[in-house]
Structures are given as C-alpha cells and as structure tokens.
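For what it's worth, my numbering labels the leading residue of the sequence shown as 54, then goes sequentially.
Glycine residues also receive a C-beta, built at the ideal position from the N, C-alpha and C atoms.
What follows is a single structure, written as structure tokens, with notes after it.
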Amino acid sequence: MFDRLPAPRQDPILKVMQMFREDPRDTKVDLGVGVYKDDTGNTPVMRAVKRAERKLVESQTTKTYTALVGDPAFHRGMTDLLLAGTVLAERIAAAAATGGTGAVRLGMELIRAANPDARVFISTPTWPSHNTLAEKAGLTVAPYRYYDAETGGIDRKGMWEDLDAARPGDVVLLHGCCHNPTGADLTPDDWRGMASFLTERGVLPFIDTAYQGFGAGLAEDAAGLRHIAATQPRMILAASGAKNFGLYRERAGITLVICPEDERATVSGTLGALNRASISFPPDHGARIISTILSDPALRADWEAELTDMRDRVNGLRRALADALRDACGSDRFGFLTEQKGMFSVLGGTEQQIARLRDEFGVYVVGGGRLNMAGLTLASVPRVAKAIARVL
Ligand code: PMP
C-alpha cells in the first residue's frame with residue numbers, strides 16, 4: 054500500500070535549513086529560517102516565559118484536559134492583546150489551536166463548514182502554508198497580486214483589480230502585520246480602503262497575525278486588524294504565540310471569530326467540534342504561559358521590554374543592511390528595505406542567483422530571495438551586503 058505513496062514535496066524552507074546544517078563553512082550565514090535569533094545565533098527562551106513556567110510548575114495541580122476550545126484565561130488574554138476592547142466580548146468566539154498554523158487551519162475549516170463554495174483570496178506571494186491549509190480544508194484559493202518588486206511596496210492596482218472578482222461570501226486573507234515574506238504592510242489608508250471594500254462586497258476578512266510586536270509595537274502592529282474588527286460584522290483572526298512569546302515548539306495559537314452576538318454560541322460550538330475531529334483538546338502549556346504573563350503586571354512588563362529589544366535588534370539590522378547595500382551597490386536599489394516591517398524582506402533573484410549566494414558566499418536565503426533580518430549580526434552585515442551586491 055505505501056509503495057504507492059507519491060514522494061512528498063519537500064518544503065523549500067526546511068530544505069534550506071537542512072542544507073545549511075550540512076554546510077561545513079564557519080562563515081555561513083542562515084537568513085532562511087523563519088525564527089528570531091539573538092546576536093549569538095540563539096533563539097532564546099524569553100525571561101518572562103521562564104518565570105511563568107517556574108510559576109506554573111509550582112502552582113499547577115492538574116494536567117487534565119482543558120475544554121475543547123482551550124482555557125478561557127488564554128482567550129481573554131489574547132483577545133485583549135489583539136483587539137484591546139475594540140469588539141464586545143459577547144461577539145467573540147475563541148478556540149485555542151495548535152500554533153498559528155493550527156489556528157489558520159481551524160479558521161479555514163470553519164469557513165468550509167459555513168460556506169463550502171467560498172473562495173479564499175490569498176496574496177501573491179504569501180506564507181506558502183496559507184495556500185496548503187486552505188486547499189487541505191477543501192476550499193478554493195484565488196490569488197491576488199500584492200507585492201510590487203520594483204518599489205518594494207504594495208501593488209495596489211493589481212491587488213484591487215484581482216480583489217474586484219470577490220463575491221459576497223468569499224474570503225480575503227490578510228496579514229495583520231509584518232507580511233511574510235515581503236515585509237510590505239498595508240498602510241492605515243489601505244486598511245480603511247479594505248474595510249470599505251469588505252463592507253460593500255459582503256466579503257469576510259480572515260486576518261492572520263503571527264508577528265505582533267515585531268513591526269512598530271504591540272498596539273501599532275494591531276491597528277489595521279482592529280480597524281477591520283471595529284467596522285465589520287464578522288471576521289476571523291488567527292494568531293500565533295510562536296514569535297512574540299518565543300514559544301515556537303509549544304504550539305500556542307488561537308482562532309478568534311467575531312460575529313453577531315446571536316451567532317456566537319453556534320460558532321463556538323463548531324470550533325470545539327472541529328477541534329474534537331482533528332486534535333481533540335488543544336495543547337495547553339504554551340497557552341497557559343501566555344495567559345500567566347499577560348495577567349501578571351510584572352511579567353507582562355518584562356515580556357514587553359524584551360520584545361521591544363528584539364524588535365529594535367531586527368530594525369537595527371534592517372537599517373544596517375540597507376546602509377551596507379547602498380555602499381556596496383553605489384545606489385538606492387535596496388532602499389525599500391527600510392520601509393518594510395518585521396523580520397522578512399524579499400530581494401528577488403533567480404534560482405541560479407540564490408544558489409550562487411549559497412554556494413559561493415555561504416549566504417542562505419529562501420527561494421525568491423526571502424531573507425530573515427534576525428539571522429544577521431552587525432559583524433556579518435558587510436559580508437552579506439557585498440555578496441548580494443555581487444550576485445543580484
Ligand atoms: N502565519 C504566518 C504568516 C507565519 O509566518 C507563521 C509562521 N511561519 C504562522 C502563521 C504560524 O506559526 P506557528 O504555527 O509556528 O505558530
């Protein structure tokens with residue numbers, strides 16, 4: 054039976070990770086992986102996470118199952134972090150999920166259960182799992198143009214032309230902040246335009262937010278999604294605690310569904326039933342770390358301080374790389390880097406050029422030229438800039 058299994062397609066990001074591990078050069082630089090790293094190349098356990106874990110070890114008296122939608126304290130903490138009171142609690146159904154990935158999947162399954170004919174409009178490019186998760190949930194994906202490689206900003210003309218095909222009941226997937234992979238975010242004006250479009254068309258917004266706090270700040274990075282939440286009758290929000298709490302492997306994520314009050318019980322019950330049919334009870338350790346941090350003023354302050362340091366480091370490296378590229382190229386070709394937000398940007402480049410960066414210079418980026426600023430150090434920036442200027 055398994056002899057008939059087709060070989061699985063290897064995830065391009067995981068492939069880059071593996072090649073990097075096998076490269077013996079000590080000058081190699083990993084800009085491919087999608088996690089935050091400090092100056093020593095480590096992805097740290099955040100201080101507040103350690104303290105929250107100690108607190109949990111001391112105080113936890115049971116590890117019995119939570120509810121099918123997870124722990125209410127996690128719902129409250131995340132809802133407040135994401136929406137800050139923008140929407141009445143009575144209009145929000147919440148379910149803990151297995152990381153941001155599981156949260157997106159759960160949102161897609163909810164759409165499928167409510168309207169199997171819905172098409173999900175997804176930006177080109179996007180985090181590749183968006184397409185896979187929508188399709189695995191049985192939904193049809195409709196791509197929309199998003200990134201303008203010439204300017205490093207948004208291709209507004211292309212985006213609106215493509216979204217014009219959306220019909221009532223369709224879904225538009227948006228990145229809350231720090232667009233992966235381009236770093237090109239919607240401006241406040243774009244968010245307002247999007248809200249009007251959604252209202253006029255009766256299209257459902259689905260916002261995926263995995264980097265709150267990595268762009269300009271916790272509130273700043275949520276401003277766009279809060280505007281949509283405040284103006285729309287319904288919205289799906291998937292959030293991850295992997296990056297901003299550094300809880301990658303704990304798989305802490307949440308799906309929030311905003312809806313009219315009289316729909317909430319059914320939506321909530323459906324989220325629980327969907328969890329039951331796939332993972333049953335959601336993982337709780339990461340979720341409980343998050344709710345412990347968010348409900349304890351001292352832990353929360355320490356978490357925010359460390360997150361600010363992480364953001365400052367990424368932004369500092371972004372500026373340093375843009376400066377070094379200006380020197381190395383003698384032009385402002387890569388000036389757009391400083392306009393972009395979060396850990397990622399795309400440099401473009403053909404497959405051969407990406408391979409040359411890797412083979413000749415030990416600089417690892419993902420196909421399409423996505424690089425993770427957090428993989429740089431102030432020491433490696435000049436070398437990386439020279440390699441990029443030579444190859445691209
Ligand atoms: N959404 C986006 C846009 C992402 O970049 C990621 C992580 N790469 C996720 C969701 C999911 O994160 P996780 O499942 O690790 O919580």
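C-beta contact flag for residue i and residue j at 7 Å
{"i": "glycine 160", "j": "isoleucine 289", "result": "yes"}
{"i": "tyrosine 417", "j": "leucine 84", "result": "yes"}
{"i": "alanine 149", "j": "proline 335", "result": "yes"}
{"i": "alanine 330", "j": "alanine 305", "result": "no"}
{"i": "leucine 136", "j": "alanine 318", "result": "no"}
{"i": "methionine 426", "j": "leucine 347", "result": "no"}
{"i": "arginine 245", "j": "alanine 219", "result": "no"}
{"i": "phenylalanine 127", "j": "serine 344", "result": "yes"}
{"i": "glycine 152", "j": "alanine 295", "result": "yes"}
{"i": "arginine 172", "j": "alanine 156", "result": "no"}
{"i": "alanine 190", "j": "glutamate 162", "result": "yes"}
Counted within 10 angstroms of its Cβ, other Cβ atoms place residue i as buried (16 or more) or exposed
{"i": "leucine 68", "result": "Here residue 68 is lysine; the residue named in the question, leucine, does not match the sequence. Exposed."}
{"i": "glycine 94", "result": "exposed"}
{"i": "serine 398", "result": "buried"}
{"i": "threonine 308", "result": "buried"}
{"i": "aspartate 412", "result": "exposed"}
{"i": "threonine 252", "result": "exposed"}
{"i": "lysine 116", "result": "exposed"}
{"i": "aspartate 261", "result": "buried"}
{"i": "glutamate 188", "result": "exposed"}
{"i": "threonine 204", "result": "exposed"}
{"i": "aspartate 208", "result": "buried"}
{"i": "serine 333", "result": "exposed"}
Distance between residue j and residue i (C-alpha atoms, nearest Å)
{"i": "leucine 192", "j": "methionine 99", "result": "37 Å"}
{"i": "proline 350", "j": "methionine 70", "result": "38 Å"}
{"i": "leucine 500", "j": "tyrosine 199", "result": "Outside the displayed span of the chain (54 to 445) sits residue 500, for which this structure offers no information."}
{"i": "proline 125", "j": "arginine 104", "result": "21 Å"}
{"i": "alanine 272", "j": "glycine 266", "result": "8 Å"}
{"i": "alanine 375", "j": "leucine 424", "result": "13 Å"}
{"i": "alanine 438", "j": "proline 181", "result": "27 Å"}
{"i": "asparagine 297", "j": "glutamate 111", "result": "25 Å"}
{"i": "glycine 421", "j": "threonine 235", "result": "10 Å"}
{"i": "arginine 279", "j": "asparagine 184", "result": "24 Å"}
{"i": "tyrosine 118", "j": "asparagine 328", "result": "13 Å"}
{"i": "lysine 463", "j": "arginine 57", "result": "Since the first and last residues shown for the chain are 54 and 445, residue 463 lies out of range."}
{"i": "lysine 81", "j": "valine 434", "result": "12 Å"}
{"i": "threonine 391", "j": "glutamine 113", "result": "45 Å"}
{"i": "arginine 158", "j": "arginine 443", "result": "41 Å"}
{"i": "glutamate 75", "j": "glycine 415", "result": "12 Å"}
{"i": "arginine 379", "j": "threonine 430", "result": "18 Å"}
{"i": "methionine 396", "j": "alanine 142", "result": "32 Å"}
{"i": "valine 256", "j": "tyrosine 264", "result": "24 Å"}
{"i": "threonine 154", "j": "methionine 72", "result": "24 Å"}
{"i": "cysteine 230", "j": "leucine 216", "result": "19 Å"}
{"i": "valine 102", "j": "arginine 372", "result": "29 Å"}
{"i": "alanine 86", "j": "arginine 62", "result": "Checking the sequence, you will find valine at residue 86 rather than alanine. Whole-angstrom Cα-Cα distance: 18 Å."}
{"i": "proline 221", "j": "leucine 324", "result": "23 Å"}
{"i": "proline 65", "j": "glutamate 314", "result": "42 Å"}
{"i": "alanine 445", "j": "glycine 388", "result": "First, the residue type needs correcting, since residue 445 is leucine and not alanine in the sequence shown. Straight-line Cα distance between these residues: approximately 14 Å."}
{"i": "arginine 364", "j": "aspartate 91", "result": "11 Å"}
{"i": "aspartate 242", "j": "threonine 403", "result": "33 Å"}
For residue i, three-class secondary structure by DSSP
{"i": "glycine 123", "result": "coil"}
{"i": "arginine 353", "result": "helix"}
{"i": "proline 435", "result": "helix"}
{"i": "alanine 377", "result": "helix"}
{"i": "methionine 54", "result": "coil"}
{"i": "valine 110", "result": "helix"}
{"i": "serine 331", "result": "helix"}
{"i": "valine 102", "result": "helix"}
{"i": "arginine 74", "result": "helix"}
{"i": "proline 65", "result": "helix"}
{"i": "aspartate 201", "result": "strand"}
{"i": "asparagine 425", "result": "strand"}
{"i": "valine 444", "result": "helix"}
{"i": "aspartate 83", "result": "strand"}
{"i": "valine 416", "result": "strand"}
Whole-number beta carbon distance between residue j and residue i, since they are thought to touch under 8 Å
{"i": "isoleucine 407", "j": "valine 140", "result": "Actually they do not touch by this definition, with Cβ atoms about 43 Å apart."}
{"i": "isoleucine 145", "j": "valine 224", "result": "Wrong, their Cβ atoms sit about 18 Å apart, outside the cutoff."}
{"i": "alanine 237", "j": "glutamine 393", "result": "6 Å"}
Any non-hydrogen atom of the ligand NAP closer than 6 Å to residue i Cβ
{"i": "alanine 282", "result": "Among the ligands present in this structure, namely the ligand PMP, the ligand NAP is not found."}
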